[in-house]
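Residue numbers for the sequence shown follow this note's numbering, so the first one is 1 and each next one is one higher. C-beta atoms are modelled at their ideal positions from N, C-alpha and C, and glycine is treated no differently.
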Amino acid sequence: MGLSLGCALLAGCGGEKMMRCTSASGSWAIGRVAEQGVLDRIQAESRATRIRTLGAGETSADIGMDRVTVHVDAQDRITAVTCD
């Protein structure tokens, strides 16, 4: 039973592979306006299965290593790209 539970908790068991985000691939976007085409490229290049945008001063305790987070300022310009 312990082995089954351990397998259920690990990504990759059962044939599904969890994609890990790589935020370094989004560094080119710093300073650009967060338009849909830019966001789509960030998501594709980071290999993230999910994307979210956080505005200036917004935070989140929700963690997901398969997601890329795009941080934007008040003018909707990208200030950071992180995996979390």
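Which one of the options has the shortest CA to CA distance from residue i?
i: A34; options: A48, T69, T22; result: T69
i: A44; options: A24, A74, V72; result: A24
i: R77; options: M65, R20, D84, Q36; result: Q36
i: A74; options: V81, I63, L54; result: L54
i: E58; options: D40, V72, R50; result: V72
Would you say residue i faces chain D, with C-beta separation under 8 Å as the test?
i: D66; result: Looking at the structure shown, chain D is missing, and only one protein chain is on hand.
Can you give the beta carbon distance from residue i to residue j, rounded, assuming they're within the 8 Å contact cut?
i: I42; j: A29; result: 6 Å
i: S46; j: T79; result: Contact flag wrong, Cβ pair sits at about 16 Å.
According to DSSP, which residues form a beta bridge with residue i?
i: A29; result: In DSSP, A29 forms no bridge with anything.
i: I51; result: V68
i: V81; result: V70
Could you check if residue i is buried or exposed, using at least 16 other CB atoms within 10 Å of its CB as the buried criterion?
i: G26; result: buried
i: R67; result: buried
So, are the CB atoms of residue i and residue j less than 8 Å apart?
i: A48; j: C83; result: yes
i: M65; j: R32; result: no
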